[in-house]
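Residue numbers (this note's numbering): 1 to 103.
Every residue, glycine too, gets a C-beta built ideally from N, C-alpha and C.
Notes follow once the structure below has been shown.
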């Protein structure tokens, strides 16, 4: 995960490319196993926004995620829902093996 300015993802295919995943089968929806994502080598920046709805079901995330003015509590895993054009900031991330799913 890289620091710096924020990045806005305009399509599912663009997100797949940044996560170093193969091109999605469907351009409008994709299910990603987070075990297959390598955040350290991906092109994801610390502050990100999506121009589409995103749902995460996560386990083993060692860090803080700020959504708007609040932080999500990831102490025992969580399901998160992000609306389009909302800034998401990851802070204090320590590389670990992510588990879960992203839609």
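Residue 86 is a Cβ neighbour of residue 67, given a cutoff of 8 angstroms. Here DSSP, grouped into helix, strand and coil, assigns residue 34 to helix. One Cα belongs to residue 89, the other to residue 27, and the distance between them is close to 25 angstroms. Contact between residue 51 and residue 98 does not hold, since the beta-carbon distance rounds to 23 angstroms and is not under 8 angstroms. In this structure, DSSP gives residue 6 a state outside helix and strand, which the three-state scheme calls coil.
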